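Taking it in order: structure first as structure tokens, then the write-up.
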Amino acid sequence: MRRTKITDVLKSDAIGSEIVVKGWVRTRRGNKQVNFIALNDGSTIHNLQVVADVEVFGEELLRRVTTGASIAVRGELAPSQGTGQNVELLARTLEVIGDCDVNEYPLQPKKHSLEFLREIAHLRFRTNTFSAIARVRHAMIFAVHSFFSSKGFVNIHTPIITASDAEGAGEMFQVTTLDLENIPRNEEGKIDFKEDFFGKATNLTVSGQLEGELAAMGLADIYTFGPTFRAENSNTSRHLAEFWMIEPEMAFYDLNDNMDLAEEFLKYLIQYALDNCSDDLQFLSSRLEEEEKNKKADERSMELIEKLKFVLNNEFIRLTYSEAIEILKESKPNKKGQFKYQIEGYGADLQSEHERYLVEKHFKKPVILTDYPKEIKAFYMKLNDDNKTVRAMDVLFPQIGEIIGGSQREENYDKLVARMQEMHIPVEEMWWYLDTRKFGAVPHSGFGLGFERLLLFVTGMGNIRDVIPFPRTPKNAEF
RNA sequence: UCCUCAGUAGCUCAGUUGGUUAGAGCGGCGGACUGUUAAUCCGUAGGUCGUAGGUUCAAGUCCUACCUGAGGAGCCA
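Using this note's numbering, read the first sequence as starting at 27 and increasing by one per residue.
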């Protein structure tokens, strides 16, 4: 008999029918007559209550039904006599598939700290919190493709190994097959990358954008969704060395079109989560409330589902960098000297505290900041007519900060080359990128969404290491 | 990388101005209980106090270095 998934069992009204379920034991309790086994198979946050008659199965077998053990149960679906669930499974046969020694098994039927679970990331899929996050993560992956596909965007796999380090998006991981114990040198005594696998120095990608732009200059609307690597020594709850990024790139889009798409995209994803992950979101919401119950009322975050709906139902605030500077300059914390970095006027780089003030205190909703000074942004962003600012946009979310960074791209060949020279980008190496500005150049725009940052927001989790199964951070590549 | 805080039982923590034999809750194990819901009740085992030095008659407690983790900053998505 084929196993039925617990999510289907719990939705089933086939009372009296015989089914087989398989899964992992969460807890077992009971007395001399009857045992109750909470069984979970990962298909839902909810457990199935299996009722086992002690006389039928014997204490010896039931003793092996420990927390963490895997079992198969054939039985009859019945209305529950208890109050915690509608249906339960009256066991006819029970088989222990894999025993689990409770003295060694680290997961106990109790609350564990997220820090502890991170140390046993290979087992944390078996917890409510991480199975819920994994299911939401899957739903969001699916929704990303669904959104773009429905709009006629073409998904492009950009290379993971690249030879260009001109992106300037951060420190890169080197990729090499050279013998590190015996590195070949050229006449000048420098490392001879001609001997390396690709015949030149290569790295893991920090962004698929440049290749994405090439694809957009023929397919018009494309998106990438792939792993991204940054070798920055960042130790924060918002950074990973290996993360997943979504980068759409659209021909004939200006910055306003770009902002419209970004806002529509984020709202689509949030709506998809609400529509398809309600059980898991409900669980994550309660978990968050439990975690924050000792905090003062004004330090607690908004209830998770309420927060998601709030973002859906409100327009994102759009304002320019210069407007933001004016607001910040006149703000109370700035006048009272409460900012660590005082805002004097145009030119200042916005610190986290300033972004947080705008999003969390002043507007109390997502904010899209545009038109930053060119000095603090990347070379490829389109220069405004003022010659001072570029058509950049950062989408700022409460708690997370920058969730999206994007821009309209500079499509004018001469202006782009001038910017590259100013910023010491090797122009010759980038001939292929510049070619798109020589042959039928069009205005175009795009952005990058940090997938794990999106998940932080949707799940309400506080640490990015908890929304990816196996986080890669400085000094940590376990599992 | 910088700043701050933390590391004591399987887990979460308490441990006073340095002073005898380091405690609790949960979890485990044994027992009780005719349907439980993180069951409940009774009993029980379990510790090189992160590591290495140092100060002292005496260090879980004070000092130094290192390791690990968390929060914040920078970098960014």
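Glycine is no exception: its CB is placed at the ideal position from the N, C-alpha and C atoms. All values derive from a computational prediction rather than experimental measurement.
Can you look up residue i in the DSSP assignment and give me helix, strand or coil?
{"i": "V80", "result": "helix"}
{"i": "M407", "result": "strand"}
{"i": "T228", "result": "strand"}
{"i": "K48", "result": "strand"}
{"i": "N73", "result": "coil"}
{"i": "S471", "result": "strand"}
{"i": "P399", "result": "strand"}
{"i": "L133", "result": "coil"}
{"i": "A257", "result": "coil"}
{"i": "N502", "result": "strand"}
{"i": "A64", "result": "strand"}
{"i": "I490", "result": "helix"}
{"i": "A95", "result": "coil"}
{"i": "A418", "result": "strand"}
{"i": "R90", "result": "coil"}
{"i": "V337", "result": "helix"}
{"i": "I394", "result": "strand"}
Where residue i and residue j are concerned, what is the direct C-alpha to C-alpha distance, given to the nearest angstrom?
{"i": "I331", "j": "V46", "result": "34 Å"}
{"i": "S176", "j": "Y367", "result": "44 Å"}
{"i": "M271", "j": "G252", "result": "6 Å"}
{"i": "E207", "j": "F255", "result": "25 Å"}
{"i": "S157", "j": "G68", "result": "6 Å"}
{"i": "R382", "j": "T231", "result": "30 Å"}
{"i": "D492", "j": "L140", "result": "8 Å"}
{"i": "L509", "j": "L281", "result": "Residue 509 lies beyond the range of the chain shown here (27 to 505); nothing can be said about it."}
{"i": "T92", "j": "M407", "result": "59 Å"}
{"i": "I32", "j": "T462", "result": "53 Å"}
{"i": "I217", "j": "G196", "result": "22 Å"}
{"i": "N502", "j": "K321", "result": "31 Å"}
{"i": "L149", "j": "L143", "result": "8 Å"}
{"i": "K226", "j": "G371", "result": "45 Å"}
{"i": "I402", "j": "L376", "result": "10 Å"}
{"i": "A78", "j": "T155", "result": "27 Å"}
For the beta strand (DSSP E) containing residue i, list its first residue and its last residue.
{"i": "Q59", "result": "Premise fails: Q59 is in no beta strand (DSSP E) and is neither H nor E."}
{"i": "Q434", "result": "427-434"}
{"i": "A117", "result": "113-124"}
{"i": "E268", "result": "268-277"}
{"i": "L345", "result": "343-346"}
Considering only C-alpha positions, which residue in the set the options is nearest to residue i?
{"i": "G107", "options": "R144, L116, V385", "result": "Here residue 107 is Gln; the residue named in the question, Gly, does not match the sequence. Checked all of R144, L116, V385; the closest Cα to Q107 is L116."}
{"i": "M419", "options": "N438, N413, P399, I426", "result": "P399"}
{"i": "G488", "options": "R100, I63, E318, K390", "result": "E318"}
{"i": "Q75", "options": "L65, V82, F83, E81", "result": "L65"}
{"i": "G373", "options": "V99, K414, E437", "result": "K414"}
{"i": "P132", "options": "A189, E121, T153, V122", "result": "T153"}
{"i": "T30", "options": "P185, V393, F389, V99", "result": "V99"}
{"i": "D412", "options": "L307, S348, N129, F336", "result": "S348"}
{"i": "E86", "options": "G101, A147, V122", "result": "V122"}
{"i": "H450", "options": "A404, S96, F291", "result": "A404"}
{"i": "I41", "options": "V82, V113, H72", "result": "V113"}
{"i": "K15", "options": "I182, M446, L376, K333", "result": "As shown, the chain starts at 27 and ends at 505. That puts residue 15 outside it, with no answer to give."}
{"i": "Q200", "options": "L300, P210, I187, I209", "result": "I187"}
{"i": "L310", "options": "V337, L120, G486, D34", "result": "G486"}
{"i": "P497", "options": "Q134, V385, F269, F278", "result": "F269"}
{"i": "L295", "options": "R90, L480, F505, S96", "result": "L480"}
Which residues bound the alpha helix (DSSP H) around residue i?
{"i": "F173", "result": "154-176"}
{"i": "E289", "result": "281-302"}
{"i": "T33", "result": "32-37"}
{"i": "G238", "result": "235-245"}
{"i": "A189", "result": "From DSSP, A189 is part of no alpha helix (DSSP H); its letter is neither H nor E."}
{"i": "A444", "result": "439-448"}
{"i": "K464", "result": "457-464"}
{"i": "P452", "result": "Here P452 belongs to no alpha helix (DSSP H), and DSSP marks it neither H nor E."}
Since residue i sits in a beta bridge, which residues does DSSP pair it with?
{"i": "E102", "result": "E44, L116"}
{"i": "F423", "result": "G427"}
{"i": "G476", "result": "M271"}
{"i": "V201", "result": "T228"}
{"i": "N181", "result": "Y249"}
Does the beta-carbon of residue i, which I'm using as the reference point, lie nearer than 7 Å to any heavy atom of the ligand HEM?
{"i": "V47", "result": "Among the ligands in the structure shown, none appear at all, so the ligand HEM cannot be discussed."}
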